[in-house]
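Numbering (the UniProt record's numbering), first residue to last: 1 to 105.
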């Protein structure tokens, strides 16, 4: 009986930890997506896309690992602290949709 309780406790702990990992990744991806979209929006009106993206990432609790802006496209990589499980990383890209010949390929 004690063995089964130990196994059940270990499985429960594993499920909880996997849930925390999933939540951490979702939060990091959300922060990266918001940052990239904001950066691309700023770049579309001539502002510095990476500065805006970094500001939004920090507002969402994320650290910027890298950011690049090419015209109106912004690509950002962020890391979000995730407590005992370490940190979660995510990458997002935002910019205008490809048009015409750029789509075919």
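The C-beta atom is built at its ideal place from N, Cα and C for all residues, glycine as well.
From a predicted model like this one, the values you see are computed outputs, not experimental measurements.
Point to revise | Beta-carbon proximity check, residue 82 vs residue 32, cutoff 8 Å | key: Your numbering for residue 82 matches position 82 in the chain shown. Your numbering for residue 32 matches position 32 in the chain shown. Cβ distance not < 8 Å, so residue 82 and residue 32 don't count as in contact.
Check your understanding: Could you give the distance in angstroms between the alpha-carbon of residue 29 and the alpha-carbon of residue 1?
Key -> Stepping through the chain shown from its first residue, residue 29 is reached at position 29. Stepping through the chain shown from its first residue, residue 1 is reached at position 1. Their Cα atoms are separated by approximately 42 Å.
Check your understanding: Between the Cα of residue 36 and the Cα atoms of 87, 85 and 78, which residue gives the shortest distance?
Key -> The residue labelled residue 36 in the question sits at position 36 within the chain shown. That would be 78, whose Cα lies nearest to the Cα of residue 36.
Practice item. Starting from the N-terminal side, write out each stretch of the beta strand (DSSP E) that is 3 residues or longer and does not extend beyond the stretch 27–82. Key: 63–70 and 73–81
Check your understanding: CB residue 44 to CB residue 52, shorter than 8 Å?
Key -> Mapped onto the chain shown, residue 44 falls at position 44. Mapped onto the chain shown, residue 52 falls at position 52. Contact flag unset, no.
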